[in-house]
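Protein chains: 2
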Amino acid sequence: MKFGGTSLADVDRIREVARRVKACVDEGNEVAVVVSAMAGTTDQLAKWTSDTALLHDAREYDVVVSAGEQITAGLLALALQDSGVSARSWLAWQIPILSDAVHGNARIEEINCDDIERRFDEGQVAVVAGFQGKGEDGRITTLGRGGSDTSAVALAAALGAARCDIYTDVEGIFTADPRIVAKARKLDRITYEEMLEMASQGARVLQTRSVSLAMNHQVRVQVLSSFSNSMGTLVVDEDEVVEKQVVSGIAYSRDEAKITLVRVADRPGVAAAIFGPLADANINVDIIVQSVSEDGRSTDVTFTVKEADFERAVSVVKTAKRDVGFDRLISDSDVAKVSVIGVGMRSHAGVAQKMFSALAEKGINIHAISTSEIKVSVLISEEYTELALRSLHTAYGLDAA
Amino acid sequence: MKFGGTSLADVDRIREVARRVKACVDEGNEVAVVVSAMAGTTDQLAKWTSDTALLHDAREYDVVVSAGEQITAGLLALALQDSGVSARSWLAWQIPILSDAVHGNARIEEINCDDIERRFDEGQVAVVAGFQGKGEDGRITTLGRGGSDTSAVALAAALGAARCDIYTDVEGIFTADPRIVAKARKLDRITYEEMLEMASQGARVLQTRSVSLAMNHQVRVQVLSSFSNSMGTLVVDEDEVVEKQVVSGIAYSRDEAKITLVRVADRPGVAAAIFGPLADANINVDIIVQSVSEDGRSTDVTFTVKEADFERAVSVVKTAKRDVGFDRLISDSDVAKVSVIGVGMRSHAGVAQKMFSALAEKGINIHAISTSEIKVSVLISEEYTELALRSLHTAYGLDAA
């Protein structure tokens, strides 16, 4: 069981979580609980680090921000003991959860569960501080924002757990963001591949890395709410999804910016001249579209980056102008990416075509298109985001009855 | 250098502490810094633990409350780096600072300074989280309230430090509490023995245990303010104090309660019958006075305990009434203990007599007396505390010019 920050926001909520864990123990389960920090704590700690120093030593950042999970781990162990459940807290260095030494964004390398499993035999619940690891350098590491999801999935894999329940403040995974699409439905099941696309296409319920970890280790993940008692969404292998939808869900991201280079010389090596410097600057490029050359000598190249990288990307490309050779640079950060996702696409033609017609019907212009085996993404003007989501939700027959 | 919670209360104060440490480094010193939690943090964390659970597992309490020092250690390391000083934070388990497993009140057993000393050679400052240890059980321990003083002295001893500077919110050790005695003077030097009596007689500047540790390992401790630049008070060996005062200071404690057993049977074994059960109940008895038996058959016994133990002590003694045999129990918690302290007493007669006359002159009645080689303590009615302190301060010639 993994509980996020809103589920552990104060002492009352922590005691409520303890009741939920106790109920699971009383059903005869051996339980490990992974906890996030209280809502707001990590932000406060991170702000103190940035207020303290302009220079940013990620090793010290990790020492400071990992304190939040240490506090909730101890408190939840106390709350469980108070409700009659044997429990103890575990910090990453005590288990240990070993990671690489990439501070602030470390990867788990190995978890030794021997002590925890021995205590399972004595009926003890393990309360594990999420988000943290012990680095190869012997220091505390953290796994990146949302890293407690990864802690939970990695621990579930190491323990060979029957299931990894991720308790959050939403009821599960929906066909679309219910704050925008009123007719969105909660999915009972979704495949790892779909969830991975949903997470990386903007759905913020699970950290992307935790989903790929679950897929690689075949960990059955359930996303559910700690504020209700309803079933959530199971994230499972494709074999376990009986009725495969052509389209399972629609994701969006407003965190996009578009850059177009007009009349780029159409010669070998020009793509490397554009995208090499961007890669060197650690800027991820998402969609790339190269228009067909009309005169055989020049072409237009459009690509997208995250909004946070936008200004830096423009400056990098301008610096490379002499090597690339282009007439003009047009940029636009008022764009959004909308994606339809579903494993059923593999065996169904016409999915993309339906998307293009539905958007055309509403007069929504498509700036760029990107496809994968189980996803079609389009870039549109940001102001059309809600309209596009609702239209596509209806067009693919996803609306709740 | 050790900094307390008020010296690290917020990011601005932490940056100010970094400037102070940098100045010390720039003078060519190798520096280890021990930090407390931000003022108020430990209280907040302790409150969360008591709000969460009625049962109190000290091991989980330690996990929660030790987080405060982890945060300030990381932040101070960042602040030092930001001011151009090489620094890293150290948690107890990383050094390690090994302790016994008496959670909530652990004792340091061993500190391995090899890593820290190696980094001194590279010019790096060690920022050490105070108050915490790694227990024999492999878990985090804490050293009791004020335990960061003990961390600092123990680390200074292990490093063979030239000095241990304890930065606090007062200017040093005074001849008496300056909030009560306006003419109190800051002492330039005080002996370990005197400081130990001052600390255990109510002066709250240093944790008692840290003073006895300093005495045992001959660590030169300086108590000084982080809010000014004046010299503090050096706590040193008696040999280093050239001009020994007969009386160096006057301490007081309002945290006292008196219990008198009237007409106790005057026979062998009666003291054991009274104080055995109190010891079994873990109640510390301070002053004990037995009046001279008038009839050769019965006597009155008076003793004092801390106010927190008062009601429990009364109940223990009442339960033991049959074994002890006494007429009546009289109790009074409105009492205070006033002590005059000075190593010079060893070679000067008449110190106690001067105390008794000075108090008699002001009409202050003495309920009980207790003496040691370098201290005379009297128990008086609490309402006379201020008057007694000021009169004694003048009588012993301690008033500032």
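The listed protein sequences correspond, in order, to chains A and B. Per the working numbering, numbering of the first sequence is gapless, rising by one per residue and ending at 401. Per the working numbering, numbering of the second sequence is gapless, rising by one per residue and ending at 802. Cβ coordinates follow ideal geometry from the N, Cα and C atoms, glycine included.
For residue i, would you say it is in contact with chain B, using Cβ-to-Cβ distances shorter than 8 Å as the test?
i: A/D309; result: no
i: A/A388; result: no
i: A/D57; result: yes
i: A/Q245; result: no
i: A/Q132; result: no
i: A/V11; result: yes
i: A/Q353; result: no
Would you say residue i reaches chain A, if we count a Cβ-Cβ gap shorter than 8 Å as a contact?
i: B/T450; result: yes
i: B/V693; result: no
i: B/G545; result: no
i: B/T551; result: no
i: B/G539; result: yes
i: B/S627; result: no
i: B/V529; result: no
i: B/E461; result: yes
i: B/Q495; result: yes
Say whether chain E places a C-beta atom closer than 8 Å to the C-beta of residue i.
i: B/R416; result: The structure shown contains no chain E; its protein chains are A and B.
Straight-line CA distance for residue i to residue j?
i: B/A440; j: B/A530; result: 14 Å
i: A/Q353; j: A/L392; result: 12 Å
i: B/L803; j: B/A419; result: For residue 803 of chain B there is no data in the structure shown, the boundaries of chain B being 402 and 802.
i: A/F120; j: A/E30; result: 6 Å
i: B/V571; j: A/D255; result: 53 Å
i: A/A9; j: A/Q70; result: 14 Å
i: B/V464; j: A/V351; result: 54 Å
i: A/H56; j: B/V612; result: 38 Å
i: A/A308; j: A/G296; result: 35 Å
i: B/A553; j: B/A493; result: 12 Å
i: B/V422; j: B/V606; result: 21 Å
i: B/I660; j: B/K535; result: 41 Å
i: A/I190; j: A/K318; result: 43 Å
i: A/S228; j: A/N216; result: 30 Å
i: A/R118; j: A/G74; result: 20 Å
i: A/F174; j: B/R546; result: 50 Å
i: A/A106; j: A/G344; result: 34 Å
i: A/G84; j: A/V11; result: 17 Å
i: A/R220; j: A/A154; result: 12 Å
i: B/A815; j: B/D667; result: Outside the displayed span of chain B (402 to 802) sits residue 815 of chain B, for which this structure offers no information.
i: A/S99; j: A/E110; result: 7 Å
i: B/P579; j: B/D800; result: 11 Å
i: A/V247; j: A/L196; result: 14 Å
i: A/L143; j: B/A438; result: 25 Å
i: B/K584; j: B/A447; result: 38 Å
i: A/V376; j: A/K337; result: 10 Å
i: A/T394; j: A/M355; result: 11 Å
i: A/L379; j: A/D114; result: 49 Å
Report the CB separation of residue i from residue j in whole angstroms; it is logged as a contact under 8 Å.
i: B/K403; j: B/D566; result: 7 Å
i: B/I803; j: B/T473; result: Summary: the structure shown does not reach residue 803 of chain B, with chain B confined to residues 402 through 802, and so no result is reported for it.
i: B/V638; j: B/Q619; result: Per the sequence shown, the amino acid found at residue 638 of chain B is Asp instead of Val. The Cβ separation is near 6 Å, so the contact holds.
i: B/V665; j: B/T700; result: 6 Å
i: A/T208; j: A/A214; result: With 8 Å as the limit, A/T208 and A/A214 do not qualify as a contact, their Cβ atoms being about 11 Å apart.
i: A/V181; j: A/R390; result: 5 Å
i: A/V34; j: A/A77; result: Incorrect: roughly 13 Å between the Cβ atoms, too far for contact.
i: B/I775; j: B/G726; result: B/I775 to B/G726, Cβ: 37 Å. No contact.
Worksheet entry | Selection of the region 463 to 479 of chain B by Cβ proximity to chain A, strictly under 7 Å | V464, V465, A468, Q471, I472, A474, G475, L476, A478 and L479
Worksheet entry | Contact set between the region 99 to 116 of chain A and chain B, restricted to residues whose Cβ is under 8 Å from the partner | Of all residues in the region 99 to 116 of chain A, none has a Cβ within less than 8 Å of some Cβ in chain B.
Worksheet entry | Contacting positions in the region 430 to 454 of chain B - beta carbon closer than 7 Å to chain A | Cβ contacts with chain A come from L446, W449, T450, D452, T453 and A454.
Worksheet item: Can you list, in chain order, the residues of the region 79 to 92 of chain A whose Cβ is nearer than 8 Å to any Cβ on chain B?
Response: Within the region 79 to 92 of chain A, the qualifying residues are A79, Q81, D82, R88, S89 and L91.
Worksheet entry | Unbroken stretches of the beta strand (DSSP E), 3 residues or longer, contained in the region 572 to 650 of chain B | 590 to 592, 622 to 626 and 634 to 637
Item to complete: Tell me the start and end of each unbroken beta strand (DSSP E) in the region 5 to 39 of chain A that is at least 3 residues and wholly inside, in chain order.
Response: 32 to 35
Worksheet entry | Near-chain B residues of the region 169 to 198 of chain A (beta-carbon distance less than 8 Å), N- to C-terminal order | Those would be none; no residue qualifies.
Worksheet entry | Every unbroken beta strand (DSSP E) inside the region 667 to 744 of chain B [3 residues or more] | 686 to 691, 699 to 707 and 729 to 742
Worksheet item: Enumerated in chain order, which unbroken segments of the beta strand (DSSP E) with a length of 3 residues or greater are wholly contained in the region 88 to 153 of chain A?
Response: 97 to 99, 108 to 111, 125 to 129, 132 to 134 and 140 to 142
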